[in-house]
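Okay, so the sequence shown: first residue is 1 according to full-length UniProt numbering, each after it adds one. Here is the structure we will look at.
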Amino acid sequence: MKNLSDQIEAMNIAYVVVNSEMQVLEISTQASELFRVDGGQYLFGSNVSFIDEEFNFIDLPQQLRRAIEEQMEIELEVGLSYPDKNVEWAKLSLIRYKDFYIISLIEHGELIAARRLNRQLSTQDPHTGLLYREAFLSKLNLLEQNGTVCCVRICNYQRINEIWGTAVANLVFMEVLSRVLSELPSALCSKHSTDSFNLFIPPETAFDVERFYSLLNEPFHFNHRHFFSNVALGYYVEKEGDSHELSLNKAEMAILDVLTERVRLAEFQEELARQIEHQNNLETEFRAALNKDRLEEDFYVLFQPVHEADSQRVAGAECLIRWTLNGQFVSPVEFIPIAERIGDIGLLTQFNIGQLSRLVLKLEQKGIDTQTLLFALNISVVEILDVEFIDKLMSSITKHQLSPNQIKLELTESALIDNFNYVNQTLERLQGYGFRISIDDFGTGFSSLSYLCRLSFDEIKIDRAFVTNVVEDTKLQTVFNSVALLAQNMMKPVVAEGVETVEQLIYAKAKKVEYIQGFYFSKPLPEEEFINYLLERQHT
Ligand code: C2E
Ligand code: CA
Ligand code: CA
């Protein structure tokens, strides 16, 4: 016995030897300090109590007694809690030695502290002290109440961060948060992302959403500077029995809606959930359609004739893609953004090129001179920013025996202005290969003239929005006329798209617009109809 206890003592481990009644037979100095008892006494006779990592009291004497009865050796982490000093954390083990039991204690404070900190970091944001989503939801679930769930987003956080740095941006975040808490002290908050947080407002709290929203949007004053906050608020008023997690999703959806619509305060509407679900389904179906070997089964291309305004000769066509899902038409306005987002827009361009080459071949077989025709492909900003775009385009065109001289690439104004230098170089290279560059939807992007002067392009397509009501609306006329004049001064031809009536045609011609596209001449046509359209016009 002496031998063993000497060995344990030499290892600097606190130990106690007890009998089955928990009477101390032998005790090391350290253990005596920890348990506050001496030899001969009952081990649990002092004012020390025992707790677990969560600070809940545990009945250590009973646990040890049971281990002895069941002849088990145990090992547990335990905090020794004193009325007059800090908790000591130890790993406690009980082993049997002949008729005695040796309880040893190894100091464990650092590990427990590290573990507690880790747990805290995973549930709580260290900068703001806000709970993360999971912890927030567990806390809400304990409340067993339904209230109002909000998502607050500081829309200009990113800008503040860029201009004044992270420290100021964080100050603004904390300021908005403190406004929330001083207005609604009973609200529970959680971190959502760098620029947003969520809150739960209990049902008994008086809450005037309009007033709250204006309060959040009052300007800030730091260091003699004024900051305009730009806070968006999405919220959902829970019904009895609603799951907090779903409510939180709803408040977050409302804020998404807020961000797209440019309004800043929005209550969640069920219609929005339906739209989002529709979008998600569409995305799933779209991915499935693209993964098929034969895109022709779901996609096809229509060709909308473009006419010379004066001679009315067909100058070419715009290739417009179509998707049918379970027999239903889905607009490109809906699926092009999906294709851009999932990075598969290039596949559609290749498909367009394939279909175009088939058309050109058929036209040639019918004896139509395709060299006088120019075919327009819509190119998305995502593609133009892809460094391999030109290679991909060239290889697709070569594979399909088309020439760049037959093709016009339509890019929207906004695509051209972001990343101006890079995009402009790309356009120059494309022109070098023989492609023509057309600026689509012109007039909607508010481009500055200085950009336009430096941009390498060949043609302007004035947006349909300025054509549709141009005959009646004098404001639209002003825009239309100045775009036409601008193009003329830059010696670039103009295409007016969306021309539906003869009055619009006359108006466009009067403003020296060179090319006309629109329902006045023709809707976008399937391949065979487009061929017949050309054949008829060739003979008249
Ligand atoms: P966009 O490039 O501005 O195409 C013109 C749109 O106006 C087409 O709609 C066309 O059908 C429509 N349109 C033409 N003339 C008239 C008219 O007289 N009246 C009216 N009300 N509409 C007219 P669509 O085909 O639905 O295409 C919508 C947009 O989808 C296109 O706008 C284009 O941005 C995009 N898009 C279509 N096909 C493709 C494609 O293959 N690739 C890419 N990246 N985008 C495409
Ligand atoms: Ca276009
Ligand atoms: Ca357009």
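Ideal placement from N, C-alpha and C gives every residue a C-beta, glycine not left out.
Check                                                                                                                                                      : Outcome
Are Phe286 and Phe228 closer than 8 Å when you measure CB to CB?                                                                                           : no
Start and end of the alpha helix (DSSP H) containing Gly109?                                                                                               : 109-123
Return helix, strand or coil for Pro404, following the three-state DSSP convention.                                                                        : helix
Please classify Cys453 as buried or exposed, where buried requires at least 16 neighbouring CB atoms within 10 angstroms.                                  : exposed
Counting only runs of 3+ residues fully inside the segment 483-508, write out the beta strand (DSSP E) ranges in chain order.                              : 494-497
For ligand 3, I want to know if Leu464 counts as a neighbour, meaning its beta carbon is within less than 7 Å of at least one of the ligand's heavy atoms. : Note that residue 464 is Arg in the sequence shown here, rather than Leu. Within the cutoff, so yes.
Taking the alpha-carbon positions, what's the Ala232 to Leu256 distance?                                                                                   : 10 Å
Can you find a heavy atom of ligand 1 that lies under 7 Å from the Cβ of Ser331?                                                                           : yes
With DSSP as the reference, label Gln312 as helix, strand or coil.                                                                                         : coil
Give the secondary structure of Asn378 by DSSP, where H, G and I count as helix, E and B as strand, and everything else as coil.                           : strand
Taking 5 Å as the limit, name every residue whose beta carbon sits nearer than that to some heavy atom of ligand 3, in sequence order.                     : Asp440, Asp441
Is Asn198 near ligand 2, going by C-beta to nearest heavy atom under 7 Å?                                                                                  : no
I'd like to check one pair, Ser438 with Lys475: are the Cβ atoms closer than 8 Å?                                                                          : no
Tell me whether Asp440 sits in a helix, a strand or coil according to DSSP, three-state version.                                                           : strand
Rounded to the nearest angstrom, how far is the Cβ of Leu374 from that of Lys408, given a contact under 8 Å?                                               : 5 Å
What is the DSSP secondary structure of Thr29, counted as helix, strand or coil?                                                                           : helix
Assuming the contact rule is C-beta atoms closer than 8 Å, Ala309 and Ala167 should be a hit. Round their C-beta distance to whole Å, please.              : The Cβ separation is near 59 Å, so there is no contact.
Exposed or buried, what is His226 when buried is set at 16 or more other beta-carbons lying within 10 Å of its beta-carbon?                                : exposed
Return yes when at least one heavy atom of ligand 2 lies under 7 Å from the C-beta of Glu500, else no.                                                     : no
Mapping DSSP to helix, strand and coil, what is Leu74?                                                                                                     : For the record, residue 74 in the displayed sequence is Ile; it is not Leu. The answer is strand: DSSP assigns Ile74 an E or B state.
In the DSSP assignment, the alpha helix (DSSP H) including Lys191 goes from what residue to what residue?                                                  : Lys191 -> not in any alpha helix (DSSP H); beta strand (DSSP E) instead, spanning 188-193.
Given this structure, state the Cα-to-Cα distance separating Val237 from Glu144, to the nearest angstrom.                                                  : 15 Å
Would you mind giving the Cβ-Cβ distance between Val381 and Ala339, rounded to the nearest angstrom? I have them listed as a contact below 8 Å.            : Going by Cβ atoms, the distance from Val381 to Ala339 rounds to 12 Å, so no, they are not a contact pair.
Taking only the alpha-carbon atoms, compute the straight-line gap between Pro526 and Val149 and give it to the nearest angstrom.                           : 50 Å
Does ligand 2 have even one heavy atom less than 7 Å from the beta-carbon of Asn378?                                                                       : yes
Closer than 8 Å is the cut-off here; do at least three beta carbon pairs connect the segment 123-137 with the segment 37-50?                               : no
Measure the C-alpha to C-alpha separation of residue 612 and Gly432 and round it to an integer number of angstroms.                                        : The chain is shown from 1 up to 540; residue 612 falls before or after that span and cannot be answered.
Can you tell me whether Glu91 is helix, strand or coil according to DSSP?                                                                                  : Just to set this straight, residue 91 is Lys in the shown sequence, not Glu. DSSP places Lys91 in strand when its eight states are reduced to three.
Within the continuous beta strand (DSSP E) that includes residue 545, where are the two ends?                                                              : Because the chain in this structure spans residues 1 to 540, residue 545 falls outside the shown range and cannot be described.
Cβ-heavy atom distance between Glu413 and ligand 2 below 7 Å?                                                                                              : no
Report yes if the C-beta distance between Leu248 and Asn198 is below 8 Å; otherwise report no.                                                             : yes
Terminal residues of the continuous beta strand (DSSP E) containing Lys366?                                                                                : No beta strand (DSSP E) holds Lys366; DSSP gives it neither H nor E.
Compute the minimum distance between the beta carbon of Asn352 and the heavy atoms of ligand 1, and state whether it is under 7 Å.                         : yes
Ligand 2 and Glu277: does the residue's C-beta get closer than 7 Å to at least one heavy atom of that ligand?                                              : no
For a test of the three-state rule: what should DSSP assign to Phe207, helix, strand or coil?                                                              : coil
Are the Cβ atoms of Leu430 and Ile368 separated by less than 8 Å?                                                                                          : no
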